[in-house]
Amino acid sequence: MTVDKAHAKRIVDLVISMDPIINELLDQVRLIQDTQLSSELTHSVTEIMGHAMLGIVVPLEQIFPDLNPDK
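Everything in the sequence shown is counted per our numbering, starting at 1 for the first residue and increasing by one.
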């Protein structure tokens, strides 16, 4: 299985572009007055981003280390 660098960069960029939406989603979920529901939804949202980072970005950055936006 191979992927070229340009395609990998596009995928990484798309995952990173989700950050503002995820953050807004978290803000809205945290406004829910039912603390148990808010907590459950917050957990689900953070899992979504965790899976995207660990399951998509990290493997691509292992192939192309210079794609890491923090470097």
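We treat Cβ as the ideally placed atom computed from N, Cα and C, and that holds for glycine.
Since we're looking at a predicted model, the values are computed, not measured.
- With the rule of 3 Cβ pairs closer than 8 Å, the region 8-15 counts as touching the region 51-71.
- Counted as a single uninterrupted DSSP element, the alpha helix (DSSP H) harbouring isoleucine 48 occupies residues 35-52.
- CA-CA distance, threonine 46 to aspartate 4, rounds to 29 Å.
- Assigned with DSSP and collapsed to three states, leucine 26 falls in helix.
- Proximity to aspartate 27 across Ala52, Thr42 and Asp66 peaks at Thr42, based on C-alpha coordinates.
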